[in-house]
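Heads up: the protein sequence lines correspond to chains A, B and C, in order.
For the first sequence, the positions run 1 to 435 when the working numbering is used.
For the second sequence, the positions run 1001 to 1169 when the working numbering is used.
For the third sequence, the positions run 2001 to 2337 when the working numbering is used.
For glycine and all other residues, C-beta sits at the position ideal for the given N, C-alpha and C.
Quick caveat, the model's predicted, so the values are computed rather than measured.
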Amino acid sequence: MSSAETSTGNSLKITGGRLYDGEGSESENIALLIRDGRIAAMGEAASRTRADETISADNCVIAPGFIDLCCNLREPGNGQKGNIASETRAAAHGGFTTVCASPETSPVNDSSAVTHLIRDGAASRSPIRVLPVGAITRGLEGDLLSDMAGLTAAGCVAVGNGSRGVRNARILRRCMAYAQTFGLTVMFSPENQALAADGYAHDGLVTSRLGLLGIPEVAETAAVMEMLLLAEETGVRLHLSQLSCARSVEMLADARRRGIAVTADVAMHQLAFTEDALAGFDSRFHVRPPLRSESDRKALIAGVREGVIDAIVSQHQPHDTAAKQAPMAATESGLSSIESVLSLGLELVEMNELALSDLIRALTTGPASVLGRTARLAEGEPADLCLFDPEAFWAPGAQTLVSAGRHAPVTDRELPGVVRLTLAEGRKAWQQPAG
Amino acid sequence: MTALLDMDQLLDQMETGLRQVLEHRGVESPVLIGIRTGGVWLADVLSKRLDIEEPFGELDISFYRDDFSRIGLNPRVKPSSLPFDTEGRDIILIDDVIMSGRTIRAAMNEIFDYGRPASIILATLIDLGARELPIQPDVTGRKLALDAHQRVKLRGPDPLRIELQEAGQ
Amino acid sequence: MTANDASPHHLQLTRDGQLRHFLTLDGLDRALLTDILDTADSFIEVGERSIKKVPLLRGRTVVNLFFESSTRTRSTFELAAKRLSADVLNLDISTSATSKGESLSDTLLNLEAMASDMFVVRHSQSGAPHFIAESVTPGVAIINAGDGRHAHPTQAMLDMLTIRQHKGQFEGLKVAIVGDVLHSRVARSQIRALNVLGAEEVRVIAPGTLLPNDVESLGCKVEYDMTRGMSDLDVVIMLRLQKERMEGALLPSEREFYRLYGLNQEKLALAHPECIVMHPGPINRGVEIESAVADGPQSVILNQVTNGIAIRMAVMSMAMGGQVAERQHKLSERGQA
């Protein structure tokens, strides 16, 4: 850019650090100049420019801002479990600059009025970008189609049924056929409700020993198979949310080989934990789909590594304390996870289960492509980025967590990966307090 | 020190003492109850010396101790065994060492839960004094005054011998 | 990578390995289970005296907290507590507060005010006593009187006491558990106890619909055919079958179940001649077991009741003792500090 030699108002320069672009390439020690919400210059040109503020990224990784395909902001809702302001701030603390807001709100996001409510709330109170996902059936009940075209016009980026399955295959087929008409992406959590029944934990070793009510793997794999067949027939762009089984990854890879337009994501906690996490009846790890076996975990990681699974999501589900303090069967499912996603991922990198470039891809360009967007660090692109120190540690707990939900996956030890700075369209969405 | 405590001599002393008390009280067919574990070994020896044919009883006072709220339950508790009906009987209660008197109180409480005896005679091998309850043995092998750091312990059953321990050993 | 290690056995033992809660048999070793059986033997002797009471828990309050009603289990716990000279309070919560929306945490807060020393908990949800043990004031012992499908450790231990009385030891024993293992907290605890105490073989005999996934991982062999499963048995434990199982499409009919998995004299004849027959009760005659067998010479179903009181006395006094020891430990630590 021609004006790069002279400084103009409100510019920020980041120097040093390792830059990952989300497509696998990395460069050391490259400077970034940010102005007017965009990346104004990179490299030499940026180095030469004076800026109003300069931030050193020594020891840090600079990556595109993370994109979360599944996040519960709990708004609209009664506020006990969090709201747009608290949860988007938590997301920024986790390095995210874009979150898809799950339609599972109260009331459900099944009308353009609710979509507008979310967008207005985000516009005034969120430091990051919020992309609503609309409910594909009214009230997420799985019976009647919602006004999908209307929802899209109001700003929804996809339609789905939240974490709830659609009981009736005939309705599922019609959901897909209707969404396909308008070229919408549909997001479904594959779960056969009859097979899952009243279960709440993986039907395996730990469940047998502790006498918990199990959800068998086939509750997921049967649904995956059904959805893949219906997607193939209707031609809809299908996104499978939060896979948990090795067999699902196999079927997904197979469907993609046959050219079906299907993408998928996995929640970070499925990559980091197994059914063993429930051994002490730890209700925090009551999640859905349930944490499964070690071989499932390994297959899911391989799926991310090989790109069969496009994205890692937080599946952030903040709760009030009471919702998690009860015998497991009486608790609500979900972790307050969005602030721990990066750290848990870095532990996988540390253990050589995942490369850092795979992790960043699955948090940036992977989910971006599911949404038909980009996540590039290049001149002229929006300045959505995060800067984190992979070697620094932090202790998740009441003092450090921003989310209203205190049930983070790890609270008894320190985790690697401190987010120093999150920029959303050039604005500081999160900056690590000094000291 | 060990030389001062000749076991045979102590047992002679107990036997003589018991014969006197029994005669004095006019008790004709007493039964023996030993408090686990030392008292049981002594009851075995004394039942032979006193020609008591009836098998002696064994008492485990773990359930009756008054220090449960300080030390909890003795993990090696064994069932008490009284192979006779205590109701209306004259009982010789035997323990190795008496000090505070708390063990004897617990033992008497336990005996009464089996029935109401006619009388109880208390015999101990060694009396260390330092009583905390108004309980006195009728018969004692020997009185001993220990220094604060010393402990005695009866080892057995065969041979029976008394060990004097210095604290911290 | 595993989550925070909060396995049950850390919760129920003191630092020096004494019992302080009794929630599950998981994590308890053979020495401790043998201590429980030995202590129970001593309490059986107490039960034979004219005054069947010892002063161990005098002045302490035991609350029977039954979120799921069971008169039988509750009365044996009540009797056990009274024989230990404790004050006993029975709270039947199955029909009151919690079913009307009060959370378990709130119920507990209310109960804390009663300054009790021990909660005996029966709950329909697996892990409830564990949850209570984690949230209750330190010093209060929790005894699991049956939680969901998870565990019923006192029932399993009284069964072990019965087996030891008849067989002397566990080494070399072949034991079968027959029937609805899937829904049975008793079976889970029994399989665990038998494995820890050294039984040679534990078999479960049931149709596939009544067995949990990966049941072998609990430490047992699976046998679908009862006639084959009965051979060489030293002990056969029959489980109660709930009528609801027919409605959930787990079984076609009681008649078919009885024909295939009910215990009658012909099937019992296939076992070792000295094989004993057990049942945690209450018995469904003609569903799990033939009357002639239930009342027959090999049945030890009745003396399981006496043992039940003794085991509960043992566990209650040991757990209370552990809490006491721990409190003393903490006090002396504070004194030194």
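1. Using DSSP with H/G/I as helix, E/B as strand and the rest coil, what is Gly2308 (chain C)?
2. For the beta strand (DSSP E) that Lys2174 (chain C) lies in, which residues bound it at each end?
3. Quick one: does Asn2195 (chain C) have its CB under 8 Å from some CB of chain A?
4. Using a Cβ cut-off of 9 Å, which residues of the stretch 1047-1077 of chain B contact any Cβ in chain C, in chain order?
5. Report the option in B:Gly1026, B:Leu1073 and B:Met1099 whose CA atom is closest to the CA atom of Val1152 (chain B).
6. Would you identify the three-state DSSP class for Val304 (chain A), choosing helix, strand or coil?
7. Between the alpha carbons of Gly214 (chain A) and Arg2185 (chain C), how many angstroms are there, rounded?
8. Relative to the C-alpha of Ser111 (chain A), which residue among A:Val130, A:Leu145 and A:Leu151 is closest?
9. How would you list, in chain order, the residues of chain C whose beta-carbon sits under 7 Å from the beta-carbon of Gln436 (chain A)?
10. So, does the CB of Arg2049 (chain C) fall closer than 8 Å to a CB anywhere in chain B?
11. Return the CA-CA distance between Leu228 (chain A) and Arg258 (chain A), expressed in angstroms with no decimal places.
12. Determine, using beta carbons only, whether Ala2319 (chain C) comes closer than 8 Å to chain A.
13. Near Ala362 (chain A), what residues of its chain come up, given a Cβ to Cβ distance below 6 Å and the 5 sequence neighbours on each side ignored?
14. Since Asp441 (chain A) meets chain C, which of its residues come closer than 7 Å, beta carbon to beta carbon?
15. So Glu2288 (chain C) and Gly2208 (chain C) are supposed to be a Cβ contact under 8 Å. How far apart are they, rounded?
16. To which residues of the same chain is Ala101 (chain A) closer than 6 Å at the C-beta, ignoring the five residues directly before and after it?
17. Taking only beta-carbon atoms, is Leu2104 (chain C) less than 8 Å away from chain A?
18. For the stretch 323-343 of chain A, enumerate the residues whose C-beta is nearer than 8 Å to any C-beta of chain C, in chain order.
19. If you draw a straight line from the alpha carbon of Glu53 (chain A) to that of Asp36 (chain A), how long is it in whole angstroms?
20. Return the chain-ordered list of same chain residues with a C-beta closer than 7 Å to the C-beta of Thr2073 (chain C), the five sequence neighbours on each side being excluded.
21. Is there contact between the stretch 1156-1163 of chain B and the stretch 1039-1046 of chain B, where contact requires at least three CB pairs shorter than 8 Å?
22. First and last residue of the alpha helix (DSSP H) that includes Ala256 (chain A)?
23. List the residues of chain C whose Cβ lies closer than 9 Å to the Cβ of Gly1129 (chain B), in chain order.
24. Any Cβ of chain C within less than 8 Å of the Cβ of Pro1079 (chain B)?
25. For Arg1019 (chain B), which residues from the same chain have a beta carbon less than 8 Å from its beta carbon, with the 5 sequence-adjacent residues on both sides left out?
26. Where in the stretch 46-83 of chain A do unbroken runs of the beta strand (DSSP E), each at least 3 residues long, occur, reported from the N-terminal end onward?
27. Going by the CB atoms, is the gap between Ala2141 (chain C) and Arg2020 (chain C) shorter than 8 Å?
28. Between the stretch 33-50 of chain A and the stretch 379-396 of chain A, are three or more C-beta pairs nearer than 8 Å?
29. Take Ser333 (chain A) and list the residues in its own chain whose beta-carbon comes closer than 6 Å to its own, dropping the five residues that flank it on each side.
30. If I follow the unbroken beta strand (DSSP E) through Gln325 (chain A), where does it start and stop?
31. Does the structure place the stretch 367-376 of chain A close enough to the stretch 62-76 of chain A that three or more beta carbon pairs sit under 8 Å?
32. Taking DSSP as the reference, what is the three-state secondary structure of Thr8 (chain A)?
33. Measure the C-alpha to C-alpha separation of Ser47 (chain A) and Arg376 (chain A) and round it to an integer number of angstroms.
34. Of all the beta strand (DSSP E) runs that stay within the bounds of the stretch 2237-2266 of chain C, which reach a length of 3 or more residues?
35. Run down chain C in chain order and give the residues with a C-beta less than 7 Å from the C-beta of Ser208 (chain A).
36. Report the neighbours of Leu212 (chain A) on chain C: residues whose CB is nearer than 7 Å to its CB, in chain order.
Per the coordinate set shown:
1. helix
2. Lys2174 to Val2178
3. no
4. Asp1060, Ser1062, Phe1063, Tyr1064, Arg1065, Asp1066, Phe1068, Ser1069, Arg1070, Ile1071, Gly1072, Leu1073, Asn1074, Pro1075, Arg1076 and Val1077
5. B:Met1099
6. helix
7. 15 Å
8. A:Leu151
9. Any answer about residue 436 (chain A) is impossible in this case: the structure gives chain A only from 1 up to 435.
10. yes
11. 11 Å
12. no
13. Val304, Ala311 and Ile312
14. Outside the shown range of chain A (1 to 435) lies residue 441 (chain A), about which nothing can therefore be said.
15. 18 Å between Cβ atoms; not a contact.
16. Leu73, Ile118, Val130 and Pro132
17. yes
18. Gln325, Ala326, Pro327, Met328, Ala329 and Ala330
19. 14 Å
20. Arg2122, Ala2145 and Gly2146
21. yes
22. For the sequence presented, residue 256 (chain A) should be read as Arg rather than Ala. Run containing Arg256 (chain A): Ala246 to Arg257, per the alpha helix (DSSP H) assignment.
23. Near Gly1129 (chain B) there are no residues of chain C at all, since even the closest Cβ is about 27 Å away, more than 9 Å.
24. yes
25. Leu1050
26. 53-56, 61-64 and 66-71
27. yes
28. yes
29. His286, Val287 and Arg288
30. No beta strand (DSSP E) contains Gln325 (chain A), which DSSP labels as neither H nor E.
31. yes
32. Model confidence at Thr8 (chain A) stands at a pLDDT of 47, short of 50, so the residue's coordinates are unreliable; what they give is reported in the following sentence. Here Thr8 (chain A) sits in coil by DSSP.
33. 20 Å
34. none
35. Pro2212, Asn2213, Asp2214, Val2215, Ser2217 and Leu2218
36. Ser2126
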